[in-house]
Every structure is written in structure tokens, then in C-alpha cells.
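S.K.:
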Amino acid sequence: MSTLHHVLGADARIAPRKPGRLPDLVVAGGGGMLGSAILEALIAARRHASVRLLVTQALRSSVPGVEPWQIDASTLLDASPDPARRVDIGLIVFDHRRHANGREVAFLHPTPADLAPLARWMTAHGARDLVVVTPHQSSTLPGALKAGLNNLDEQALVSLPVERLVFVRPVRGPSGAQAQAWLQRVADGVLAQLRMMTPQVEQPVRARKVAQFVAALADQLPGSASGTRVAPPELVWLAAQQPDPNALVQAWLAGRELPEPTPARRRM
Numbered sequence: 171m172s173t174l175h176h177v178l179g180a181d182a183r184i185a186p187r188k189p190g191r192l193p194d195l196v197v198a199g200g201g202g203m204l205g206s207a208i209l210e211a212l213i214a215a216r217r218h219a220s221v222r223l224l225v226t227q228a229l230r231s232s233v234p235g236v237e238p239w240q241i242d243a244s245t246l247l248d249a250s251p252d253p254a255r256r257v258d259i260g261l262i263v264f265d266h267r268r269h270a271n272g273r274e275v276a277f278l279h280p281t282p283a284d285l286a287p288l289a290r291w292m293t294a295h296g297a298r299d300l301v302v303v304t305p306h307q308s309s310t311l312p313g314a315l316k317a318g319l320n321n322l323d324e325q326a327l328v329s330l331p332v333e334r335l336v337f338v339r340p341v342r343g344p345s346g347a348q349a350q351a352w353l354q355r356v357a358d359g360v361l362a363q364l365r366m367m368t369p370q371v372e373q374p375v376r377a378r379k380v381a382q383f384v385a386a387l388a389d390q391l392p393g394s395a396s397g398t399r400v401a402p403p404e405l406v407w408l409a410a411q412q413p414d415p416n417a418l419v420q421a422w423l424a425g426r427e428l429p430e431p432t433p434a435r436r437r438m
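The numbering used here applies: residue 171 is where the sequence shown begins, and numbers increase by one.
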């Protein structure tokens, strides 16, 4: 049974609501393996009054509080804000596209070029907190950028009227698809060998564990200090080692000292 079946068509195991007003959240990029895992974690935690999923085709949801929000991606910048659909938190997930079923095809699948337009569109609808999940290959991102801003589009988000902005950089796992061109297959083989020599804290983390980290972040971000933060791969890996990442996320957002990552010794 697929993750999106749980999200859109089945009963979810719901955690108790927090007292007080719960924020509204909008998600762009919920159709891939990581995106759907994040949606499942958000809905299961139920820390938000509503979770609005950006879709490009008509889609129905039977889960209370989950609302597919159909948009025209080609006219995103020209669209006027909908006063009836204000949000507090915007979440953008970049992920591999997959075609497990028709529902996943309906989800908006953002590309890197969509980052700035989507962020501006979300802030126009009231979002003052933004979370951007940008997986990367551990061998392709320079060390200095793992905890910094990666390009001009990311830097442009800092000037938006947001109170808190977080980039989450988990290490992307292999897509599983075999390349058709022989030269690309050779390159994939070399990268596979390099992954074996990559430190454990920079190895891919399971989508479910990344999702738990992102859900905890979306829950605790509104009450934290304002500013721009980058969650590097080492932090995502460290959170994945915890049974519950909430305490670690709370400490990180508060700027407290975190435990050093201590990878388990590999058996020869």
C-alpha cells in the first residue's frame, strides 16, 4: 500500500493536537518518495490546522484537514493571492519524480527554477516561515555550501518578507534507474565507488527519517527566533539516529550545542 494512499485515502493515526491556534501549511513537491514521506509525517503528527497540497490536476482527499490546492504553475507569478486561503508556513520539497499512480502525477513537481517564484507566491499568501528541502549528491556539493546558500535563487529568498527561512540538505540516495548511455553508466559506477568512501555522516538517510526531521522542524519553527538557517547533511544524519528528533530540532533552533556525530564502526 503506497504512502499517498495513506495520505489521501485512508485513516491516519493522529497524534493529539496542541492547545492554541495551529498554523496552516502549504506543501509544494509531495509526489516523490521523499515528498510523500514528508506529507505522511506531517499528517500523522497533526500539528497544523490544515495541510494544503499544491497540485496541477483535480484531486480529492478524504483526510480531514488535507486540502489539495489546484494551481496553474505557468501563471504562478501572475495569479492574485486568494484571501480565503491564507497560510502560515510554506514547504518546498525537491525530489525525484516517480509515477507510482495517477495521484502522484497530479502533484506539483517543482524544479530548481521554480524556487524563487514559489517562495514569492507563498509569501503573497501570508507565509512568514519557509522550509526548503534540497537533497543533493554528497560528492557534488562543496563542503562550504552544505551549511550555506547554494546559489542566487536561494540568496534571493533571504530578501523576502519572511521571519524564518530554513534550507534542509539531506544527502540524496541513488534513484535506482539505470542510465541508457554507456558513458553515464560508467560515471554512475564511479560515483557508487566514491559513495563507499564517503563518511557515514554524509551517507543518504532514509526518506522516513528525513520526513520526521522536516515534520519536527515545521512544528517547532514558528516559535523559534527569526533568521535564516541551513540544516547540513550531518544534522539530518544526527537526527535520524534519534528515536524522536524533536528534542534535537528544538536545541538546534535555539542555537544550543549539539552532540558530535558518532558513526558506528563498520564491520569488516
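Glycine included, every Cβ here is placed at the ideal spot set by N, Cα and C.
Under the assumption that Pro-340 contacts Pro-305 (Cβ atoms under 8 angstroms), give the Cβ distance between them as a whole number of angstroms.
M.R.: 5 angstroms
S.K.: Is it buried or exposed, Arg-191, if we count other Cβ atoms within 10 angstroms and call 16 or more buried?
M.R.: exposed
S.K.: Can you tell me which of the three DSSP states Ala-297 falls into?
M.R.: Coil.
S.K.: Do Leu-224 and Trp-239 come within 8 angstroms of each other at the CB atom, strictly closer than that value?
M.R.: Yes.
S.K.: Decide if the segment 288-303 is in contact with the segment 326-335; the criterion is three or more beta carbon pairs, one per stretch, under 8 angstroms apart.
M.R.: yes
S.K.: Would you mind reading off the limits of the beta strand (DSSP E) that contains Pro-238?
M.R.: 236-240
S.K.: Out of curiosity, what's the CA-to-CA distance linking Val-236 and Ile-213?
M.R.: 8 angstroms
S.K.: Taking Cβ to Cβ, would you say Val-338 is nearer than 8 angstroms to Ala-286?
M.R.: It is not a contact, given that the beta carbons lie outside the stated cut-off.
S.K.: In angstroms with no decimal places, state the Cα-to-Cα distance between Pro-251 and Ile-241.
M.R.: 11 angstroms
S.K.: Whose C-beta lies closer than 7 angstroms to the C-beta of Gly-346 among residues of the same chain, with five residues either side of it excluded?
M.R.: Annotation note: pLDDT 48 at Gly-346 (below 50); position unreliable, no value reported.
S.K.: Taking just the CA atoms, how far does Asp-323 sit from Val-177?
M.R.: Residue placement at Val-177 is poorly supported in this model, since its pLDDT is 40, which falls under 50; the coordinates still yield a value, given next. Spanning the two alpha carbons is a distance of roughly 31 angstroms.
S.K.: Would you mind sorting Asp-258 into buried or exposed? The rule is 16 or more other CB atoms within 10 Å of its CB.
M.R.: buried
S.K.: Can you check which of these residues, Phe-383, Leu-327, Ser-232 and Arg-230, is closest to Gly-205 by C-alpha distance?
M.R.: Phe-383
S.K.: Straight-line CA distance for Ala-243 to Val-196?
M.R.: So the alpha carbons of these two residues sit roughly 15 angstroms apart.
S.K.: Would you mind stating whether Gln-412 and Gln-390 have Cβ atoms separated by less than 8 angstroms?
M.R.: no
S.K.: Reducing DSSP to helix, strand and coil, say where Ser-206 ends up.
M.R.: helix
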